[in-house]
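Line by line, the protein sequences are chains A and B.
Start counting at 1 in the first sequence, then tack on 1305, and there's your number in this note's numbering.
Start counting at 1 in the second sequence, then tack on 1305, and there's your number in this note's numbering.
Number of protein chains: 2
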Amino acid sequence: MTPDEFRELGHAAVEWVARYWERLPELPVAGSVRPGDVAAELPGAPPDKGDRLEGIFTDLDDVVVPGTTHWQHPAHFAYFPANTSGPSVLGDLIGAGLGTQGMMWATGPACTEVETVMLDWLADLLGLPERFRGGKGVIQDSASSATFIATLAALHRASGGAWRTDGVRGSFAVYTSSQGHSSIEKAARVAGLGDKAVRSIEVDPSSLAMRPEALRAAIEADRAAGVVPALVVATIGTTSTTAVDPLPAIGAICREFGVWLHVDAAYAGAAAACPEFRWINDGLDLADSYCFDPHKWLLTGFDCDALWVADPADLTRALSVLPEFLRNAASESGTVVDYRDWQVPLGRRFRALKLWFVLRWYGVEGIRAHIRDGVALAQRFAAAVRADDRFEVVAPHPFGLVCFRLRGEDDAANETLLRRINETGRCLLTHTKVRGQYVLRLAVGAPSTRTDHIDATWKLIQETA
Amino acid sequence: MTPDEFRELGHAAVEWVARYWERLPELPVAGSVRPGDVAAELPGAPPDKGDRLEGIFTDLDDVVVPGTTHWQHPAHFAYFPANTSGPSVLGDLIGAGLGTQGMMWATGPACTEVETVMLDWLADLLGLPERFRGGKGVIQDSASSATFIATLAALHRASGGAWRTDGVRGSFAVYTSSQGHSSIEKAARVAGLGDKAVRSIEVDPSSLAMRPEALRAAIEADRAAGVVPALVVATIGTTSTTAVDPLPAIGAICREFGVWLHVDAAYAGAAAACPEFRWINDGLDLADSYCFDPHKWLLTGFDCDALWVADPADLTRALSVLPEFLRNAASESGTVVDYRDWQVPLGRRFRALKLWFVLRWYGVEGIRAHIRDGVALAQRFAAAVRADDRFEVVAPHPFGLVCFRLRGEDDAANETLLRRINETGRCLLTHTKVRGQYVLRLAVGAPSTRTDHIDATWKLIQETA
Chain A
1306 MTPDEFRELG
1316 HAAVEWVARY
1326 WERLPELPVA
1336 GSVRPGDVAA
1346 ELPGAPPDKG
1356 DRLEGIFTDL
1366 DDVVVPGTTH
1376 WQHPAHFAYF
1386 PANTSGPSVL
1396 GDLIGAGLGT
1406 QGMMWATGPA
1416 CTEVETVMLD
1426 WLADLLGLPE
1436 RFRGGKGVIQ
1446 DSASSATFIA
1456 TLAALHRASG
1466 GAWRTDGVRG
1476 SFAVYTSSQG
1486 HSSIEKAARV
1496 AGLGDKAVRS
1506 IEVDPSSLAM
1516 RPEALRAAIE
1526 ADRAAGVVPA
1536 LVVATIGTTS
1546 TTAVDPLPAI
1556 GAICREFGVW
1566 LHVDAAYAGA
1576 AAACPEFRWI
1586 NDGLDLADSY
1596 CFDPHKWLLT
1606 GFDCDALWVA
1616 DPADLTRALS
1626 VLPEFLRNAA
1636 SESGTVVDYR
1646 DWQVPLGRRF
1656 RALKLWFVLR
1666 WYGVEGIRAH
1676 IRDGVALAQR
1686 FAAAVRADDR
1696 FEVVAPHPFG
1706 LVCFRLRGED
1716 DAANETLLRR
1726 INETGRCLLT
1736 HTKVRGQYVL
1746 RLAVGAPSTR
1756 TDHIDATWKL
1766 IQETA
Chain B
1306 MTPDEFRELG
1316 HAAVEWVARY
1326 WERLPELPVA
1336 GSVRPGDVAA
1346 ELPGAPPDKG
1356 DRLEGIFTDL
1366 DDVVVPGTTH
1376 WQHPAHFAYF
1386 PANTSGPSVL
1396 GDLIGAGLGT
1406 QGMMWATGPA
1416 CTEVETVMLD
1426 WLADLLGLPE
1436 RFRGGKGVIQ
1446 DSASSATFIA
1456 TLAALHRASG
1466 GAWRTDGVRG
1476 SFAVYTSSQG
1486 HSSIEKAARV
1496 AGLGDKAVRS
1506 IEVDPSSLAM
1516 RPEALRAAIE
1526 ADRAAGVVPA
1536 LVVATIGTTS
1546 TTAVDPLPAI
1556 GAICREFGVW
1566 LHVDAAYAGA
1576 AAACPEFRWI
1586 NDGLDLADSY
1596 CFDPHKWLLT
1606 GFDCDALWVA
1616 DPADLTRALS
1626 VLPEFLRNAA
1636 SESGTVVDYR
1646 DWQVPLGRRF
1656 RALKLWFVLR
1666 WYGVEGIRAH
1676 IRDGVALAQR
1686 FAAAVRADDR
1696 FEVVAPHPFG
1706 LVCFRLRGED
1716 DAANETLLRR
1726 INETGRCLLT
1736 HTKVRGQYVL
1746 RLAVGAPSTR
1756 TDHIDATWKL
1766 IQETA
């Protein structure tokens, strides 16, 4: 494809995306396709001769859009938001055009240094403690990978460095609350600890936050049994209900026992952009690593998880490999960062561009306005739920997520309610279980969501109930 | 950013990318920035008020471009190619605009099914054996991650399923040739086996391919010592020299001893698009998993590794997790694929779009022409090297990579030659060590590379020598 051919199709693609965003409010939030419907629309083999993308935009309209769950829809209230935005898409477009493979500083100086600076900008935006400032950050694909990296660094440290050469020898334990994300179990498993290594720590039944005294008891029991406590994962904003674990108390315990503390703020971390939410960082100066996902609530398209470590040498000591074909003068000078040693894969693309574009376009004020909009809409929804006796709000909701259910009804009734709401295609909510009960989750956060989307969704829920 | 604002800036971004591609041949291949130069050009904190991206294209020209190693430059002969192309960038642009998070079928039916079909298209393109056809493929970020996934599935199988719950208990070994990629060591390490678990199998000194009898001896020695042979990684096209391991013999040994065989064809796998290179697939019907990187030599921007497994249940049995908040009717029907259980991270973006765009634009014939161009240019270069008595070609070069050195000169002389060539900015080559000697690597593969780039580079090398 020549640059001129790219210009022509590129302008059409930009127009297609803009038009897609304009049409979004009219589309059903989740497609109504059945399994196999999309695949059936595609030929069984690649074309012999190129078709020069003739008809591609029609195919996108006819095959892809009907088969898409529209995460950017203003009434997509499922899971957590997976924001994207115009500036993010532009940053990705430039990055794709550059085609940089920034595995090392030498293979992408700008790719590396813009990333270092953007992670410092984010640390500034969120008011992170000093220990995470000044080149301590790196982009991972997701919070799952950040947790995995933290697990590896923790194992390396807990084993006195033997892990790197000898592997997992003896028993190690990982601690998280019963509300911790499934990626913590997965990280422990793929790190070779097995699911059994994960201790599910009891939560306070009201706040759903980890009980520090239960953490202490579990650590002490493991030590007494000859198990090495390697890692605690505390959560700021759990996936089920956005519960906030008490970091100061958890951090003190980790210090006392020499356990790596990783803080997973995948969704809620973005809220700290607003001074009124800075309290979520309390105790973060006791953490060894911290992550949140700009690709959730910070207007940056997937994938973009921001991970900070207090001592990046903990990562490089655990993860570095140095085959001859990657040796280069810049790396050996010791004056550059090679992010390949801060992650599991070798290659990496120029994801910092989209952060740069987003932070420039919106500025700190624009980001704060976006977070505050989401929170205000969620509080509006929660107030409406509370005002209707048929419903109850089942957990604290300081951010953009509200968990609620039909009061006094069984799980089946709530499940039916959710199914019927979603079947309308006018909104999409998901569910979880809280204290053993089936509850509905409404997560606000798309930049296009407005008061009328919230009110219309609440009306639909009331009528369906 | 409104759709109209996006249109305006989007058209400017498309123009910037097209213009960048047009300017590439005139740019020095590697920037001449020193460590810290790029970071010094950026403000220390994000702006309070958004700047609406004013001046962003000037900043890209002034800050990013000079700090970029231009992987898409026609004279970028370093490492392996990391192709991108117009259609790939368009596919990424559409994917970024959709903002789909396709962790499960339910959250992205089209994202999932287009991926399944594209992996079948690729299997067709490459002539992969039947065991990898019909929904056996998945996109990973990189071959590193594919190797890691294969390691995990192999451990699960070798442990009789105990690995998932109990972790790494006892001793397991991983085998690869002394020319295997560093990601194999890294995969073993992060899987909790430790670097010591990796057996570096001797190669034939001429072909640099794994010696099957040495593999057999290593497996037998481990078994005798109570170590469980878990995984063999054979390579089609090693990173140093593109050596091709003898799959039929290696596969037979893996069958005999019940060891998982993963085949890493990260770079060279793309060559099988051409019938004259189908021989690289010989023995692949004995493999449990296979991967290659469309983001290397198949015109598809990073990241896009294609991984196939003969039995996808090997992945889901090892990797599945099911928290309540991800339960959904489609998954429970058993009729859909949830790719989250085929990888380590949970989230995923719509990477199949770029494959669809690339395969449609070029067609099978266009892909073949691209591969053949790269091979022909490499052979032209090798012939030129051979015709000059001062140089020697040090390894077989069936694909697009040529390894060569100054004949009879020591490592320092060759290292100096490489440094001086690269300092001109007119081309970029890298190095490796072959049989203990420092050698230069010239890897062809960018779609814009033409005969005159090869000839000019060879002339520069001759003059510098």
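Every residue gets a Cβ at the ideal spot worked out from N, C-alpha and C, and that includes glycine.
The structure displayed is predicted, hence computed values, not measured ones.
Assuming residue i and residue j form a contact by the criterion Cβ under 8 Å, report the distance between their Cβ atoms to the nearest whole angstrom.
i, j, result
"A/D1397", "A/G1606", "6 Å"
"A/V1626", "A/A1592", "That belief does not hold up - the Cβ atoms of A/V1626 and A/A1592 are roughly 27 Å apart, past 8 Å."
"B/C1811", "B/A1387", "The question about residue 1811 of chain B has no answer here: the residues shown for chain B are numbered 1306 through 1770."
Can you list the residues of chain A that residue i reaches, using a CB-CB cut of under 7 Å?
i, result
"B/E1629", "T1737 and K1738"
"B/V1690", "What B/V1690 touches in chain A: nothing, since even the nearest Cβ is about 19 Å away."
"B/Q1377", "G1404"
"B/S1441", "Looking at the sequence shown, residue 1441 of chain B is not Ser but Lys. Correct list: empty, because the minimum Cβ distance to chain A is about 14 Å."
"B/R1654", "F1607 and D1608"
"B/A1592", "Those within 7 Å of B/A1592 in chain A number zero; the least Cβ separation is about 22 Å."
"B/G1336", "P1414"
"B/S1447", "P1650, L1651 and G1652"
What residue from the options has the CA that sits closest to residue i's CA?
i, options, result
"B/T1737", "B/S1545, B/E1359 and B/P1580", "B/S1545"
"B/A1577", "B/F1709, B/L1536, B/V1680 and B/A1618", "B/V1680"
"B/M1423", "B/P1517, B/R1665 and B/T1481", "B/R1665"
"A/V1649", "B/R1725, B/V1495 and B/L1651", "B/V1495"
"B/P1414", "A/A1428, A/E1435, A/I1444 and A/V1370", "A/V1370"
"B/L1765", "B/V1739, B/R1755, B/G1730 and B/G1750", "B/G1730"
"A/P1580", "A/V1338, A/I1672 and A/L1706", "A/I1672"
"A/S1594", "A/K1441, A/P1392 and A/E1728", "A/K1441"
"B/H1486", "B/M1515, B/D1716, B/L1430 and B/R1654", "B/M1515"
"B/A1323", "A/A1657, A/R1521, A/D1309 and A/L1332", "A/D1309"
"A/A1539", "A/L1589, A/P1510, A/A1502 and A/A1492", "A/L1589"
"B/T1640", "A/L1332, A/P1340 and A/E1331", "A/P1340"
"A/R1521", "A/R1740, A/V1537 and A/S1512", "A/V1537"
"B/A1571", "B/D1678, B/A1383 and B/K1601", "B/K1601"
"A/F1562", "A/D1527, A/P1703 and A/H1375", "A/D1527"
Looking only at its chain, what residues have a beta carbon closer than 7 Å to the beta carbon of residue i, apart from the 5 residues adjacent to it on each side?
i, result
"B/D1643", "M1409, W1410 and S1636"
"A/G1475", "V1533"
"A/A1611", "L1424, L1427, G1442, I1444, C1596, F1597 and P1599"
"A/T1373", "G1336"
"A/D1587", "L1552 and P1553"
"B/R1462", "W1565 and D1619"
"B/W1661", "G1396, V1419 and M1423"
"B/S1512", "A1548 and P1701"
Who are the Cβ neighbours of residue i in its own chain at under 8 Å, not counting the five residues just before and after it?
i, result
"A/L1365", "W1321"
"A/A1770", "R1695, F1696, L1711 and L1722"
"B/F1709", "A1687, V1690, F1696, E1697, V1698, V1699, V1744, L1745 and L1747"
"B/D1367", "E1346"
Along chain B, in chain order, which residues have C-beta atoms closer than 9 Å to that of residue i?
i, result
"A/M1771", "Given that chain A is displayed from residue 1306 to residue 1770, the structure contains no residue 1771 of chain A and the question cannot be resolved."
"A/K1764", "What A/K1764 touches in chain B: nothing, since even the nearest Cβ is about 25 Å away."
"A/V1707", "Under the 9 Å cutoff, chain B gives no residues; its nearest Cβ is about 14 Å from A/V1707."
Please list, in chain order, all residues of the same chain as residue i whose beta carbon is under 6 Å from its beta carbon, the five residues on each side excluded.
i, result
"B/W1326", "none"
What residues from chain B crowd round residue i, counting only those whose CB sits closer than 7 Å?
i, result
"A/W1666", "M1306, G1355, R1357 and L1358"
"A/A1635", "P1340"
"A/A1318", "L1395, L1398 and I1399"
Please list, in chain order, the chain A residues whose beta carbon lies closer than 8 Å to that of residue i.
i, result
"B/W1321", "I1399 and G1402"
"B/E1327", "P1308"
"B/S1390", "M1306"
Identify the contact partners of residue i in chain B, using a Cβ-Cβ distance below 8 Å as the criterion.
i, result
"A/I1410", "Residue identity differs from the one stated: residue 1410 of chain A is Trp in this sequence, not Ile. Neighbours of A/W1410 on chain B, chain order: P1340."
"A/E1670", "D1353, K1354 and G1355"
Closer than 9 Å, Cβ to any Cβ of chain A: which residues of the region 1414 to 1431 of chain B, in chain order?
P1414, A1415, C1416, T1417, E1418, V1419, T1421, V1422, M1423, D1425, W1426, L1427, D1429 and L1430
Residues of the region 1342 to 1359 of chain A with a CB closer than 7 Å to any CB of chain B: list them in chain order, please.
V1343, A1344, L1347, A1350, P1351, P1352, D1353, K1354, G1355, D1356, R1357 and L1358
Using a Cβ-Cβ cut-off of less than 9 Å, give me the residues of the region 1485 to 1515 of chain A that come near chain B, in sequence order.
H1486, S1487, S1488, E1490, K1491, A1492, A1493, R1494, V1495, A1496, G1497, L1498, G1499, D1500, K1501 and A1502
Residues in the region 1465 to 1481 of chain B having any Cβ partner in chain A nearer than 9 Å:
A1467, W1468, R1469, T1470, D1471, G1472, V1473, R1474, S1476 and F1477
Quick one: which residues of the region 1729 to 1758 of chain A get their C-beta closer than 8 Å to a C-beta of chain B? List them in chain order.
Along the region 1729 to 1758 of chain A, going in chain order, the ones with a CB nearer than 8 Å to a CB of chain B are T1735, H1736, T1737, K1738 and R1746.
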